Amino acid sequence: MTGLEVGVDVGGTKIAAGIIDETGAIVRSARRPTPDSSEIPAAIAELVREIAAGQAVAAVGIGAAGFISADRQTVLTAPNIDWNDAPLGHDVSALLDVPVVVENDANAAAWAEHRFGAGRGAHQMLAVTVGTGVGGGLVVNGHLVRGAHGIAAEVGHIRFERGGLLCGCGLYGCLEQYASGTALERRAEGRLLGPDGSPVSGPEITRLANAEDPAACELLAEFGRDLGEGIATLVAVLDPEVIVIGGGVAEAGDHLLDPVREGLAAFLTGGTERPGPSVVAAELGNQAGLVGAADLAVDPDRDA
Amino acid sequence: MPERLAVGIDIGGTKIAAGVVDEDGRILARRRRLTPSTDAELVLTAIAELTEELRDEHPVKAVGIGAAGFIDESQSTVMFSPHLAWRNEPLRDRVARRTRLPVLVDNDANTSAWAEWRFGAAQNVPDVVTVTLGTGIGGAIVIDGQPYRGAHGMAGEFGHQQVVPGGILCECGNRGCWEQYASGRVLSRRAAAEVAAGTPAGGRLVELARLDHPTVGTADVLVDGTHVTRLAAAGDATAVEWIAEVGHWLGIGLANLSASIDPGLFVIGGGVSDADEMLLAPARAAHADQLVGRGFRSEARIVRAHLGPDAGLVGAADMARIRARRRRPANPAGRARVAARTGRSPRRRR
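Taken in sequence, the protein lines are chains E and B.
Under our numbering, think of the first position of the first sequence as 357, with each following residue one higher.
Under our numbering, think of the first position of the second sequence as 74, with each following residue one higher.
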């Protein structure tokens, strides 16, 4: 394979692009605000040209929040960007004249953890990414599991509560309404205040917990137990070897992971009569999506 | 070489079904007994006796056992069985010692899925989830044409995915498990309650049960979920509604499985699936209604299993037959090496 391996992470507010080396490290990167959805292919192409700086590009992998078609070219629908059956892969490929694949951002992050991070060596790894929503990715024996329609491991949309909170996806009671970064901020309302009396952000809650603030720790403990309870259902179904928890909230480390383990143990069927998965923190931080997308793009068959 | 035959044994909470199965999944002979569910030793004896009876009739080469419970990843030990008395039971080796045949043990839902995949509703479909609605709910996963067992051999315990936080207490110790809402016991529970309350529908159930047991005076104690299905099949609107409710919960759990695994096909088996479209139509509706991304995606088909209650034993036999053939070394020297490894004499014949 000659040429640069480029990964792109398309978020609701910004687009980041980076070149990775064979160890998954980011060599060079750039970002810009996310434009109107019709302008996104051109913006991605410009970013890629900018970081490639004249060198040949082998392939581009794009991670995006949303449902991606099984052929990894089309965004079927996305929560934060106005995309319906958007042929993102083809559009970017036409502009850059290189192979492009599109992958669900949580799948891409899971792949990065499998290749370069906390999931290395595990035969069955479930990655759970706790960000604005809750994403998931499943890697089994070195294969990313996409499912029959490209929509496997939508961890955030298993039903956590009957007739519960309305989710952005249109359903009620989805796990991500209880265990995402957004949900954490909502839970903090009236319980935690910033220095100037303002509502606290997710990163602020994590920072407070890491400084051993009792209220923040208690909040994370409650939140983590609910996340663990949701994960218990996935473990009953999938019985993975390792669960990798990523996303911003995971920076709270064991302040989050211990309650997750607790909730999982309390709600896992078979209880102490069965072995369960280890629950570990992701290692690649918020660049995991970009790194994983780049790696998946170089050789579309690497995981097939 | 004549056709290769294996014994398949399906151990359920109430009965043990055994049969001789050929390479095409046909059952050539069968036996059945009640499960001595409180005594693990008696279950072992029953397995050994059934195998002996069947091998007197047919030259079988292997024994496959499907059991309700958690089976370890080496497919030898029943670690925990909610409806039987087994705890860390080394079933494979104990049966092998008694029968002197190669033995394979797997979860009964896995063996059923294997049968549907080889001979039934799931042939040639790469991504399949099977759901077996019996007393509880079992299930199995096929991803990209490969059975998926998980890290500890425990994947597919769909019955214990939580569908109602803080809901009905399950035998597994948790609350709100799917099998408390969408399994055969839901219908049995409903039937018992209606009979106890003396409702008109309860009366109709008792009438049906009396037809089965004309000589028993207190027929009402024998009413169970199968009578609900039969009453519904005869057009009883109340019974149809009960089954539709189970179907609704079935669909809700399937939507969770679509979110987790995204299969192309769900195969629904087990006794409750006898209700067929009375069950599956509401399940499809609830699945579609609860499906993440609905309207923007293609959806899994939901069909009834083809092989009926025999799937568990057919699959167990087929898995054991294939495994035994793979393990048998091609030359005598190889056989000797295997014997040295296992400490048993090769080819000892009865």
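No residue lacks a Cβ here, since even glycine has one placed at the ideal position from N, Cα and C.
Because the structure is a prediction, the values reported are computed rather than measured.
T358/E sits in coil when the DSSP states are folded into three classes, being neither helix nor strand. Around V236/B, the beta-carbon contacts reaching into chain E at under 8 Å are R515 and R518. Looking at L353/B, G385/B, R377/B and L338/B, the one whose alpha-carbon comes closest to that of V201/B is L338/B. The beta carbons of R104/B and L123/B sit closer together than 8 Å. With respect to W159/B, V151/B sits close: the two C-beta atoms are nearer than 8 Å. The Cβ-Cβ distance between L624/E and V591/E falls below 8 Å. A Cβ-Cβ contact shorter than 8 Å links A465/E with G602/E.
For E459/E, no Cβ of chain B is located within less than 8 Å of the residue's own Cβ.
Excluding its 5 nearest sequence neighbours in each direction, M227/B has C-beta neighbours in its own chain below 7 Å: F143, listed in chain order.
Look at T390/E here: in three-state DSSP terms it is coil, with no helix or strand label. Each of A270/B, G193/B, I241/B and R170/B was checked against the Cα of V376/B, and the nearest Cα belongs to G193/B. Residue environment analysis places V236/B among the buried positions, since at least 16 neighbouring C-beta atoms fall within 10 angstroms of its C-beta. If you keep only unbroken beta strand (DSSP E) runs of at least 3 residues inside the stretch 484-520 of chain E, you get 490-496. Under the 10 Å beta carbon count, D552/E is surrounded by fewer than 16 other beta carbons and is classified as exposed. Along the stretch 189-244 of chain B, the alpha helix (DSSP H) does not occur as any fully enclosed run of 4 or more residues.
P555/E sits in a strand when the DSSP states are folded into three classes. Distance between T358/E and G609/E, taken at the CA atoms: about 38 Å. Beta-carbon to beta-carbon, A650/E and E459/E are separated by about 10 Å, too far to satisfy the 8 Å threshold. Between F623/E and chain B, the shortest Cβ-Cβ separation is below 8 Å. Per DSSP, the continuous alpha helix (DSSP H) segment holding E122/B begins and ends at A113 to E130.
Around the beta carbon of S346/B, 16 or more other beta carbons sit within 10 angstroms, so the residue counts as buried. For Q533/E, no CB of chain B lies under 8 Å from its own CB, so it is not counted at the interface with that chain. Contacts with chain B (Cβ-Cβ distance below 9 Å) from the stretch 586-616 of chain E involve G586, A588, T589, L590, V591, A592, V593, L594, D595, P596, E597 and V598, listed in chain order. By the 16-neighbour rule on beta-carbons within 10 angstroms, L444/E is buried.
Proximity of P336/B to chain E, defined by a Cβ-Cβ separation below 8 Å, is satisfied. Below the 7 Å Cβ cutoff, chain E contributes D595, R630 and P631 as neighbours of H225/B, in chain order. When only Cα atoms are considered, L327/B and P355/B end up about 12 Å apart. Judged by DSSP in its simplified three-state form, I407/E adopts helix. Using a 10 angstroms sphere on the CB of S394/E, the tally of other CB atoms stays under 16, which defines it as exposed. At the C-beta level, R476/E and H225/B stay beyond 8 Å of one another.
Within chain B, the residues whose beta carbon sits less than 7 Å from that of C525/E are V365 and G366, listed in sequence order. Assigned with DSSP and collapsed to three states, N440/E falls in strand. Between R394/B and G503/E, the alpha-carbon positions lie close to 30 Å from each other. Note on geometry: alpha-carbon atoms of I341/B and I396/E lie some 43 Å from one another. Counting C-beta atoms within 10 angstroms of its own C-beta, E607/E has 16 or more neighbours from the protein chains shown and is therefore classed as buried. Under the criterion of beta carbons closer than 8 Å, H513/E and V365/B qualify as touching, at roughly 4 Å.
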